[in-house]
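Novice: Just add 3 to wherever you are in the sequence shown, counting from 1, and you've got the numbering used here. Can you read through this structure? Questions will come right after.
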Amino acid sequence: MSLSLPAIRSEELQRLPSPQLVIFRDRLLSNLDSMLKVARSPSRLRPHCKTHKMHRIIRLWLERGVCKHKAATIAECEMCAAAGATDVLYAYNPVGPNIQRLVSLAGAYPQCRFKVTTDHEGPLRQLSAAAAAAGVTIGVMLDVNVGMDRTGITPETPGAAELYDLVRQLPGLEQAGFQVYDGHQRQADLMQRRVAVAEQWPRVLQLRAAVESLGSQVPTFACGGTPTFPCYAAMSDPAIETCPGTSVLSDSGYGNAFPDLPFAPAAAIVTRVVSRPAANRMTLDVGNKAIAADPPKGARVLFPELPDAVQDIHSEEHLVLVTPEADKYQPGDVLLAIPVHVCPTSALYDRAVVVDNGRIVDSWEVTSRNRRITW
Ligand SMILES: Cc1ncc(COP(=O)(O)O)c(C=O)c1O
């Protein structure tokens with residue numbers, strides 16, 4: 004898939020302050036359509052909103068019949084429910100005051116079914132007590148660790164089935180299935196990713212059999228992210244929901260790592276040259292407060308017009324490029340930059356400028372970039 008960007012009319016670019024997050028609406032809509040095509044039905048999609056954190060994009064999903072969403076923060080959950088989502092999975096184990104925040108949210112949005120993940124009895128019992136006291140019901144998915152080792156419980160852990168079974172015994176909770184997130188599966192070749200998913204799947208089915216033997220139900224498996232999206236989408240189990248997030252905006256990290264994926268970058272940063280400190284150096288205003296800095300230094304951004312420039316100093320408000328082409332640029336010149344990792348990049352901006360057919364057509368709020376909206 005192309006790692007180029009659509010053009011923006013020069014006069015429109017000139018009036019944009021930099022650095023600025025831009026969304027290419029036609030690209031975004033094409034990514035949503037491609038995701039629906041891969042998933043084969045809106046009911047098999049539960050897109051993760053952490054990538055964009057935008058109310059307006061949740062609305063675009065709802066217009067396309069996608070009512071189930073995944074979120075990583077309480078603010079993202081609130082954004083989804085306020086936009087009209089009817090099923091929101093807080094893909095996180097609620098702990099501390101976040102338990103009450105989620106329960107309050109469930110009380111405020113009765114049309115929306117809220118779900119959480121769990122891998123431990125302690126917070127689960129606290130959630131049950133809070134939900135029962137508030138008179139709400141929260142769905143619970145067992146967070147199944149299939150090898151990423153970030154959260155979850157491995158299918159073979161003694162007590163895993165019993166933990167899920169506990170959900171149906173506790174007031175205020177109901178069983179919602181398993182979350183199977185496998186962010187460690189990053190094979191460049193799609194066939195190898197398919198094999199890896201096929202190898203881990205029998206462990207998940209074995210755990211389902213174990214919980215069913217206790218009398219529990221597993222109505223849904225919420226599976227994978229963007230790299231394994233096509234793998235789960237091709238599987239026939241009707242309980243499978245796919246949970247890609249990054250594919251909505253896409254980025255150069257996934258674009259380079261997974262060339263099979265049919266998504267193109269729909270977000271970029273408008274940046275300007277601010278200095279030319281040496282003959283082969285040009286300094287841009289896309290510092291590490293303007294683009295995600297979790298990829299390694301030197302590999303945080305792609306400039307389609309200068310793909311071979313070396314990214315040298317990357318400080319808070321400056322990025323120094325070393326390139327023999329520096330002499331073609333002057334302070335004030337504009338470049339477009341594709342983030343290597345778009346999710347933490349969008350969270351750095353309070354609004355995104357929306358471009359269509361080269362023109363600025365709108366400005367969207369990055370609604371849940373802060374940790375708290377109401378609750
Ligand atoms: C639990 C969970 N589900 C789904 C996703 C979406 O994955 P991706 O960013 O690969 O689309 C993520 C991403 O971090 C995640 O943490």
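Virtual Cβ for every residue (Gly too), placed ideally from N, Cα, C. Every value quoted in this text rests on a predicted model; they were computed, and no experiment measured them.
Using the Cα positions of I11 and D36, report the straight-line distance between them to the nearest angstrom.
Specialist: For the purposes of this step, residue 11 is taken as residue 8 along the sequence shown, with counting starting at 1. For the purposes of this step, residue 36 is taken as residue 33 along the sequence shown, with counting starting at 1. About 23 Å.
Novice: Under three-state DSSP, which class holds F232?
Specialist: Taking the sequence shown and counting its residues from 1, one reaches residue 232 at position 229. The answer is helix: DSSP assigns F232 an H, G or I state.
Novice: For A271, list the residues DSSP reports as bridge partners.
Specialist: The residue labelled residue 271 in the question sits at position 268 within the sequence shown. For A271, which the question treats as bridged, DSSP gives the partners V25.
Novice: Return helix, strand or coil for W367, following the three-state DSSP convention.
Specialist: Counted from its first residue, the sequence shown places residue 367 at position 364. It is a strand residue.
Novice: CB S219 to CB D146, shorter than 8 Å?
Specialist: On the sequence shown, position 216 is the one that residue 219 refers to. On the sequence shown, position 143 is the one that residue 146 refers to. Not in contact: S219 and D146 (Cβ atoms no closer than 8 Å).
Novice: For a minimum of 4 consecutive residues, which ranges assigned as the alpha helix (DSSP H) are wholly contained in the stretch 146 to 192?
Specialist: 163 to 172
Novice: S216 to A293, Cα distance in whole Å?
Specialist: On the sequence shown, position 213 is the one that residue 216 refers to. On the sequence shown, position 290 is the one that residue 293 refers to. Those two C-alpha atoms are separated by around 52 Å.
Novice: Suppose only complete runs of 4+ residues qualify. What are the alpha helix (DSSP H) ranges in the stretch 30 to 112, listed by chain order?
Specialist: 58 to 66, 77 to 86 and 101 to 111
Novice: Decide yes or no for the touch test of the stretch 352 to 369 against the stretch 39 to 48: beta carbon pairs closer than 8 Å, at least 3 of them.
Specialist: no
Novice: What are the boundary residues of the beta strand (DSSP E) that V244 is part of?
Specialist: Along the sequence shown, one-based indexing puts residue 244 at 241. The sequence as given places Glu at residue 244; Val does not occur at that position. Note, E244: beta strand (DSSP E), I243 to T245.
Novice: Comparing alpha-carbon positions, which option in V69, R47, E79 and A74 lies nearest T377?
Specialist: Counting from 1 along the sequence shown, the entry for residue 377 is found at position 374. Checked all of V69, R47, E79 and A74; the closest Cα to T377 is E79.
Novice: Identify, in the order they occur along the chain, each residue of the same chain with its Cβ nearer than 8 Å to the Cβ of L166, setting aside the five sequence neighbours on each side.
Specialist: Here residue 166 refers to the residue found at position 163 when the sequence shown is read from its first residue. Once the five neighbours on either side are set aside, the close Cβ partners of L166 are T121, D122, H123, E124, L127, L145 and I156.
Novice: State the CB to CB distance for the pair N34 and A295, rounded to an integer number of angstroms; the pair is presumed to be in contact (CB under 8 Å).
Specialist: Indexing the sequence shown from 1 puts residue 34 at position 31. Indexing the sequence shown from 1 puts residue 295 at position 292. Wrong, their Cβ atoms sit about 19 Å apart, outside the cutoff.
Novice: Under the rule that 16 or more other beta-carbon atoms within 10 Å means buried, what is S7, buried or exposed?
Specialist: The sequence position of residue 7 within the sequence shown is 4, counting from 1. Counting Cβ neighbours within 10 Å, S7 comes out exposed, since fewer than 16 surround it.
Novice: Report whether the distance from the Cβ of T229 to the nearest heavy atom of ligand 1 is below 7 Å.
Specialist: Position 226 of the sequence shown, counting from 1, holds the residue named residue 229. Within the cutoff, so yes.
Novice: For ligand 1, is there any heavy atom lying closer than 7 Å to the beta carbon of C246?
Specialist: By one-based count along the sequence shown, residue 246 stands at place 243. Indeed, a heavy atom of ligand 1 lies less than 7 Å from the Cβ.
Novice: Have a look at D263 and A237 and give me their C-alpha separation to the nearest angstrom.
Specialist: Taking the sequence shown and counting its residues from 1, the one referred to as residue 263 is at position 260. Taking the sequence shown and counting its residues from 1, the one referred to as residue 237 is at position 234. Each residue's alpha carbon lies about 14 Å from the other.
Novice: Is any heavy atom in ligand 3 found nearer than 7 Å to the beta carbon of Y235?
Specialist: Absent from the structure shown: ligand 3. Ligands present: ligand 1.
Novice: Inspect the beta-carbon positions of V91 and A84 and report whether they are closer than 8 Å.
Specialist: Numbered from 1 along the sequence shown, position 88 holds the residue referred to as residue 91. Numbered from 1 along the sequence shown, position 81 holds the residue referred to as residue 84. Yes, they are a contact pair.
Novice: Check for me: the beta strand (DSSP E) holding Q17 runs from which residue to which?
Specialist: Numbered from its first residue, the sequence shown carries residue 17 at position 14. First-last for Q17: S13 to Q17, but that is the alpha helix (DSSP H), not the beta strand (DSSP E).
Novice: For the putative contact between V325 and R372, defined by C-beta atoms under 8 Å, what is the C-beta separation to the nearest angstrom?
Specialist: Here residue 325 refers to the residue found at position 322 of the sequence shown. Here residue 372 refers to the residue found at position 369 of the sequence shown. That pair is no contact at about 32 Å.
Novice: For the beta strand (DSSP E) holding Q220, just list the boundary residues, first then last.
Specialist: Counting from one through the sequence shown, the residue named residue 220 turns up at place 217. Unbroken run through Q220: none, as it is neither H nor E.
Novice: Return helix, strand or coil for F314, following the three-state DSSP convention.
Specialist: The residue labelled residue 314 in the question sits at position 311 within the sequence shown. It is Gln, not Phe, that sits at residue 314 in the sequence shown. Here Q314 sits in strand by DSSP.
Novice: Please list, in chain order, all residues of the same chain as G256 whose beta carbon is under 7 Å from its beta carbon, the five residues on each side excluded.
Specialist: Your numbering for residue 256 matches position 253 in the sequence shown. Excluding residues within five positions, the ones whose Cβ falls inside 7 Å are P298, V343 and H344.
Novice: Reducing DSSP to helix, strand and coil, say where P205 ends up.
Specialist: Along the sequence shown, one-based indexing puts residue 205 at 202. Note: P205 maps to helix in three-state DSSP.
Novice: What distance in whole Å lies between the Cβ atoms of S253 and G290, which are believed to be in contact at a cut-off of 8 Å?
Specialist: Along the sequence shown, read from residue 1 onward, the residue named residue 290 stands at position 287. Along the sequence shown, read from residue 1 onward, the residue named residue 253 stands at position 250. Not quite, the Cβ-Cβ distance comes to about 23 Å (not below 8 Å), so this is no contact.
Novice: If you draw a straight line from the alpha carbon of L210 to that of I60, how long is it in whole angstroms?
Specialist: Position 207 of the sequence shown, counting from 1, holds the residue named residue 210. Position 57 of the sequence shown, counting from 1, holds the residue named residue 60. In a straight line, the C-alpha of L210 is about 35 Å away from that of I60.
Novice: Measuring from the CB of Y184, is there a heavy atom of ligand 1 at a distance below 7 Å?
Specialist: Numbered from 1 along the sequence shown, position 181 holds the residue referred to as residue 184. Y184: yes, Cβ under 7 Å from ligand 1.
Novice: Assign L31 to buried or exposed, taking buried as 16 or more other Cβ atoms, counted over all protein chains shown, within 10 Å of its Cβ.
Specialist: The residue labelled residue 31 in the question sits at position 28 within the sequence shown. Classification of L31: buried, given that the 10 Å Cβ count is 16 or more.
Novice: With hydrogens ignored, establish whether the beta-carbon of H51 is closer than 7 Å to any heavy atom of ligand 1.
Specialist: Against the sequence shown, residue 51 aligns to sequence position 48. Yes, the Cβ of H51 comes within 7 Å of a heavy atom of ligand 1.
Novice: Which residues does DSSP list as the beta-bridge partners of D359?
Specialist: Taking the sequence shown and counting its residues from 1, the one referred to as residue 359 is at position 356. Paired residue(s): R362.
Novice: Is there a C-beta anywhere in chain B that falls below 8 Å from the one on V304?
Specialist: In the structure shown, chain B cannot be found, because there is only a single protein chain.
Novice: Taking DSSP as the reference, what is the three-state secondary structure of A281?
Specialist: Reading the sequence shown from its first residue, position 278 is the one you call residue 281. It is a strand residue.
Novice: Would you report the Cα separation of L339 and Q17, rounded to the nearest angstrom?
Specialist: As a first step, residue 339 is located in the sequence shown; it is residue number 336 there, counting from the start. As a first step, residue 17 is located in the sequence shown; it is residue number 14 there, counting from the start. C-alpha separation (whole angstroms): 12 Å.
Novice: Please work out which residues of its chain come closer than 7 Å, Cβ to Cβ, to Q114, disregarding the five sequence neighbours upstream and downstream, and give them in chain order.
Specialist: Numbered from its first residue, the sequence shown carries residue 114 at position 111. Excluding sequence neighbours, Q114 sits near T89.
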